[in-house]
Structures are given as structure tokens and as C-alpha cells.
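Asker:
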Amino acid sequence: MTEAKQIRGKVVVITGGARGIGLATATALQALGARIAIGDIDETTVKESGTARGFELYGRLDVTDQDSFDGFLDEVERTLGPIDVLINNAGIMPTGKLVDEPDPLTKRILDINVYGVILGSKLALRRMLPRGSGHIINIASLAGEAHIPGLATYNASKHAVLGFTDTLREEYRGTGVRFSSVLPTLTNTELGSGVTAPKLMRAAEPEEIADAVAKLIVAPKSKVRVTAVAGFISQFVGLLPEAVGDGIGRALGSGRAFLADVDADKRKAYEERARGV
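In the UniProt record's numbering, the protein residues as written are 1 to 277.
See below:
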């Protein structure tokens, strides 16, 4: 009841909102009374998702293109009013060894996962700072606090998102604009298809991430980790001596989860879409 009261009427923009965590978050916040705008590079799917759920605004959004991002935010404010919350959710997670990763794919991961977050935050800040209010929530990953074989560039991108968000939190302290990072474990979406979570770290459901985002909007804080168990393990391992922490990671299967243990057939469709094939 408290969440609904504090979220009702807020204008919330979600990038990568056509599917997965983005769509689950949009659906949950809409149920709490938020006015939702979802953008996604997949124009067909974002229209299908937006129409099916009756979101107030939906359309194509390329987070790596300033004109596209700025134009989308302009349309949101013309149609729905000032943006209260921007959720930078768009991201891709191709798997494989770094030496096998084509240079264009490396750039694509960094463009979407890092530049897209920086660009969105910058454009939102320009709107929020004059009003003295707003909340930017960046979807990072527990991979941003870890080092997982098979995800080198993705890991780097999520480390960057965490550092970026923490820096903004200090840079704009006292302005009325809040900044938060969400750190999900492997989640049961297409992004995680064909991958089995390491031992002791069950995959999260997208609705769990959505619930965490709703709680952040009501009671902002710098970070939230989902699931709680995975977050605890990640933090605990990070405090251990390097050799011990790495050994625990290998024992839990993190060294194989995104390499030898990947079901390539189940993952094929996602990998092709993420790679822009």
C-alpha cells in the first residue's frame, strides 16, 4: 500500500523495456500506479509489449544514439510530463573467451552497456537538476563486483556502471537527484538462456528485480543486490584473500558457467540478437 501511494503518478522511463527485466519492471510499476514509457531498439517487440500492457508511451529507442535518446525523452515529457525516474536497463551479455570476441562485438557491448548508461544519465540530469528532483536507477549486475570467465567485456561494462553511478551520487549530492544501482544475479530471462547458475546462487526471476526497483523508488539507497543470498556470497568472497576467493568461485562453478557449461543450442537465438546478427 505504501509503495503504491508513493509511486502512483510518477513518470518512469525504462530503456530495454520490451522484454526481460525491463518489461517486468514496467509491468510492476504500472500496477503501482506509475505512468510508464518504455523504449527499445527492437521496434516490433516494444510496440507489441506496450500495446499488450497499455503503457502510456512506447517506441523505438537506440541508447547509443544521442538524437534517438534525447528525442525519446523529449516525447515522454511532452506527452506525460517531467520524468521522475529513469531506469537505464538496456544491456547485452554475449558469452565466450575474449580472444574469440570480434572487435565490433566488444565495441557493441561497451556502447550499449556503458555509453548508453552514461548518455541516458546525462540527458536525464539535464532535465532533473533544474527541478531539484529525480531518480536515476542503473541496472548493473553482480558481475560488476566479480570476475567471471566467459564474460570479460560484460564484467568490465558492469564494473564501469557501478563506478559511474557511485561517482554521480557524490558529484550531485544535495541536488535532490538520487542515484542507485541494481545488481542482479543471473536472471531467468532470454539474456540468461542456456546458462546454469553457479552452485548456491539460484537464478533470480525478473519480477524479483522489478520488486527491488519499486522499493528503491520508495526508499532510495545506493545499491541493492538480488538475490540476497547471491549478493551476500559476492560481497563475502570479495573480502577474502585473492587465492581463497578465486578458489571458492571455481568450486561454485563460476569458471565453467559461461564457457564449457553453456548450452549453445538454447542460447543461439539470444547470442545472435545480442551480437546484431
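We put the beta carbon where it would ideally sit given N, CA and C, even for glycine.
(1) I need the straight-line Cα distance from Ser144 to Lys158, nearest angstrom please.
(2) Could you check what DSSP says for Asn113 in three-state terms: helix, strand or coil?
(3) When the Cα atoms are used, what is the spatial distance from Val277 to Thr45?
(4) Could you compute how far the alpha carbon of Lys215 sits from the alpha carbon of Val182?
(5) Identify whether Ile136 lies in helix, strand or coil by the three-state DSSP scheme.
(6) Counting along the chain, where does the alpha helix (DSSP H) carrying Ser49 start and finish?
(7) Please report the distance separating the alpha-carbon of Glu171 from that of Ala264.
(8) Counting only the same chain and skipping the five closest in sequence on each side, list residues whose C-beta sits under 7 Å from that of Leu29.
(9) Are there three or more Cβ pairs, one per stretch, closer than 8 Å when the stretch 215-230 is compared with the stretch 109-121?
(10) State yes or no: is the C-beta of Gly17 nearer than 7 Å to some heavy atom of the ligand ATP?
(11) Which residue spans inside the stretch 134-184 form an unbroken beta strand (DSSP E) run of at least 3?
(12) Mind the definition here: the stretch 17-25 touches the stretch 82-97 only if three or more C-beta pairs lie below 8 Å; say whether that holds.
(13) Using only the alpha-carbon positions, how far apart do Gly247 and Arg173 sit?
(14) Could you tell me the distance, in whole angstroms, from the CA atom of Phe164 to the CA atom of Gly116?
(15) With DSSP as the reference, identify every bridge partner of Asn88, one or two as the case may be.
(16) Mind the definition here: the stretch 221-235 touches the stretch 46-65 only if three or more C-beta pairs lie below 8 Å; say whether that holds.
(17) Check whether the stretch 186-201 and the stretch 252-259 touch, using three or more Cβ-Cβ pairs below 8 Å as the test.
Answerer: According to the data block:
(1) The sequence given here has Gly at residue 144, not Ser. So the alpha carbons of these two residues sit roughly 4 Å apart.
(2) Three-state DSSP puts Asn113 in a helix.
(3) The alpha-carbon of Val277 is positioned some 17 Å away from that of Thr45.
(4) Rounded to whole angstroms, Lys215 to Val182 spans 11 Å at the Cα level.
(5) The answer is strand: DSSP assigns Ile136 an E or B state.
(6) Residues 43-53.
(7) Approximately 43 Å, taken between the alpha carbons.
(8) Ile7, Val12, Ile36, Ala214, listed in sequence order.
(9) Taking one beta carbon from each stretch, the stretch 215-230 and the stretch 109-121 have fewer than 3 pairs nearer than 8 Å; the two do not touch.
(10) This structure does not include the ligand ATP; it has no bound ligands of any sort.
(11) As far as the stretch 134-184 is concerned, its whole beta strand (DSSP E) runs of at least 3 residues are 134-139, 177-184.
(12) Result yes; three or more Cβ-Cβ pairs closer than 8 Å.
(13) The C-alpha of Arg173 is placed about 39 Å away from the C-alpha of Gly247.
(14) Roughly 12 Å between the two C-alpha positions.
(15) Paired residues: Asn138.
(16) The stretch 221-235 and the stretch 46-65 do not touch, with fewer than 3 CB-CB distances between them shorter than 8 Å.
(17) The stretch 186-201 vs the stretch 252-259: in contact.
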